[in-house]
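K.L.:
Letter by letter, the sequence shown follows residues 1 to 194 in my numbering. By construction, the Cβ of each residue, glycine as well, lies at the ideal position given by its N, Cα and C atoms. Note that the coordinates shown come from a computational prediction; the quantities given were computed from them, not determined experimentally.
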Amino acid sequence: MNKDHRKNAEGYQDLTAFEAIKRCKDPQRQLQGKRSKIVGEYFENMITGACSFYYEKDLAHIEKTPEPMKVLTPIPRQPGKFIACFEKAAQPDYKGTLKGGLSIVFEAKHTDHDRIERGRVTQEQLDGLEKHHKLGALAFVFVSFGFQAFYRIPWTVWRDMKDLYGRKYVKADELESYRLPALGGVIKLLSGIV
Numbered sequence: 001m002n003k004d005h006r007k008n009a010e011g012y013q014d015l016t017a018f019e020a021i022k023r024c025k026d027p028q029r030q031l032q033g034k035r036s037k038i039v040g041e042y043f044e045n046m047i048t049g050a051c052s053f054y055y056e057k058d059l060a061h062i063e064k065t066p067e068p069m070k071v072l073t074p075i076p077r078q079p080g081k082f083i084a085c086f087e088k089a090a091q092p093d094y095k096g097t098l099k100g101g102l103s104i105v106f107e108a109k110h111t112d113h114d115r116i117e118r119g120r121v122t123q124e125q126l127d128g129l130e131k132h133h134k135l136g137a138l139a140f141v142f143v144s145f146g147f148q149a150f151y152r153i154p155w156t157v158w159r160d161m162k163d164l165y166g167r168k169y170v171k172a173d174e175l176e177s178y179r180l181p182a183l184g185g186v187i188k189l190l191s192g193i194v
């Protein structure tokens, strides 16, 4: 009998100890994944708060770009839940319009380090930001360093990072001219623009 076809008493494939261990999830990676998800949600909530601030003042309408998904199959006996996959590569995170009609598009990134790498923005997102920039939109990368300092890095600076800084990353202390105030718990995302 081929060992790949052995079944245990419950009818499941009977794995060797090595195969079973290999299939176990790495607890450190699981913990890091959970932490990243929590940090991402917190950062997204901060941005949503900033966007709401400008919306309530009739200065801008900016929304999170939904990720296009295709439903593959519903999960039995769990209404509203399904298995899905992403239909296409990620787009820039936020899009909207400023008072007066100017379009705005930006990617949001958080880091707990003292630098941020250009590679954190995918090629598809880079292409999207470039296209919007060429069409006249205000395009930038919004960066949080440890939830303590926030920067609106113009798209052309992010795009040309290698030429401007001699490397494909930038340090927080090199971005002071792009730093944004955060007052009353709200990041002034559009400070100096509206």
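1. Measure how close the beta-carbons of residue 141 and residue 121 come, nearest whole angstrom, since I'm counting them as under 8 angstroms.
2. In whole angstroms, what separates the C-alpha of residue 177 from that of residue 149?
3. Using a Cβ-Cβ cut-off of 7 angstroms (strictly less than) and excluding sequence neighbours within five positions of residue 1, which residues of its own chain qualify?
4. Which residues mark the beginning and the end of the alpha helix (DSSP H) in which residue 90 is found?
5. Tell me the DSSP secondary structure of residue 172 in three-state form.
6. Going by the CB atoms, is the gap between residue 114 and residue 171 shorter than 7 angstroms?
7. Apart from the five residues just before and just after residue 84, which ones in its own chain have a Cβ nearer than 8 angstroms to its Cβ?
8. Enumerate in chain order the residues of its own chain whose CB-to-CB distance from residue 155 is below 6 angstroms, with the five nearest sequence positions on each side excluded.
9. How many Å lie between residue 181 and residue 187 at the Cα?
10. Anyone know if the C-beta pair for residue 63 and residue 100 falls short of 7 angstroms?
11. Distance, Cα to Cα, residue 58 vs residue 194?
12. If you check the beta carbons only, do residue 143 and residue 151 fall under 7 angstroms apart?
13. Can you grab the Cα-Cα spacing for the pair residue 116 / residue 126, in whole Å?
14. Once DSSP output is grouped into helix, strand and coil, what is the label at residue 34?
15. Count the other CB atoms within 10 Å of the CB of residue 42; is the residue buried (16 or more) or exposed (fewer)?
16. Would you give the residue range spanned by the alpha helix (DSSP H) that residue 164 belongs to?
17. Helix or strand or just coil, what does DSSP make of residue 191?
18. Since residue 134 sits in a beta bridge, which residues does DSSP pair it with?
P.N.:
According to the structure shown:
1. Within the sequence shown, residue 141 is the residue found at index 141, counting from 1. Within the sequence shown, residue 121 is the residue found at index 121, counting from 1. Yes, residue 141 and residue 121 are in contact; Cβ-Cβ is about 6 angstroms, under 8 angstroms.
2. Here residue 177 corresponds to residue number 177 of the sequence shown, with the count starting at 1. Here residue 149 corresponds to residue number 149 of the sequence shown, with the count starting at 1. If I take the Cα positions, the gap works out to 12 angstroms.
3. Against the sequence shown, residue 1 aligns to sequence position 1. Annotation note: pLDDT 48 at residue 1 (below 50); position unreliable, coordinate value reported separately. Taken in chain order, the list of residues that qualify is empty.
4. Translated into positions along the sequence shown, residue 90 becomes position 90. Counting along the chain, residue 90 falls outside any alpha helix (DSSP H), and DSSP gives it neither H nor E.
5. By 1-based counting over the sequence shown, the position of residue 172 is 172. Residue 172: helix per DSSP, three-state reduction.
6. Numbered from 1 along the sequence shown, position 171 holds the residue referred to as residue 171. Numbered from 1 along the sequence shown, position 114 holds the residue referred to as residue 114. In this structure, residue 114 lies closer than 7 angstroms to residue 171 by Cβ.
7. Here residue 84 corresponds to residue number 84 of the sequence shown, with the count starting at 1. Excluding positions up to five away in sequence, the list reads 69, 70, 71 and 72.
8. Against the sequence shown, residue 155 aligns to sequence position 155. 129, 133, 139 and 140.
9. Stepping through the sequence shown from its first residue, residue 181 is reached at position 181. Stepping through the sequence shown from its first residue, residue 187 is reached at position 187. Going by the C-alpha atoms only, they are around 6 angstroms apart.
10. Reading the sequence shown from its first residue, position 63 is the one you call residue 63. Reading the sequence shown from its first residue, position 100 is the one you call residue 100. Cβ atoms of residue 63 and residue 100: not closer than 7 angstroms.
11. For the purposes of this step, residue 58 is identified with residue 58 of the sequence shown, where counting begins at 1. For the purposes of this step, residue 194 is identified with residue 194 of the sequence shown, where counting begins at 1. About 10 angstroms.
12. Counted from its first residue, the sequence shown places residue 143 at position 143. Counted from its first residue, the sequence shown places residue 151 at position 151. Taking 7 angstroms as the Cβ cut-off, residue 143 and residue 151 qualify as a contacting pair.
13. As a working mapping, residue 116 is identified with position 116 in the sequence shown. As a working mapping, residue 126 is identified with position 126 in the sequence shown. When rounded, the distance between both Cα atoms is 15 angstroms.
14. Here residue 34 is taken as the residue at index 34 of the sequence shown, counted from 1. If DSSP states are grouped into helix, strand and coil, residue 34 belongs with the helices.
15. The residue labelled residue 42 in the question sits at position 42 within the sequence shown. Burial call: exposed.
16. Within the sequence shown, the letter at position 164 stands for residue 164. Start and end: 161-165.
17. Here the question's residue 191 lines up with position 191 in the sequence shown. Here residue 191 sits in coil by DSSP.
18. Translated into positions along the sequence shown, residue 134 becomes position 134. Answer by DSSP bridge pairing: none, since residue 134 is not bridged.
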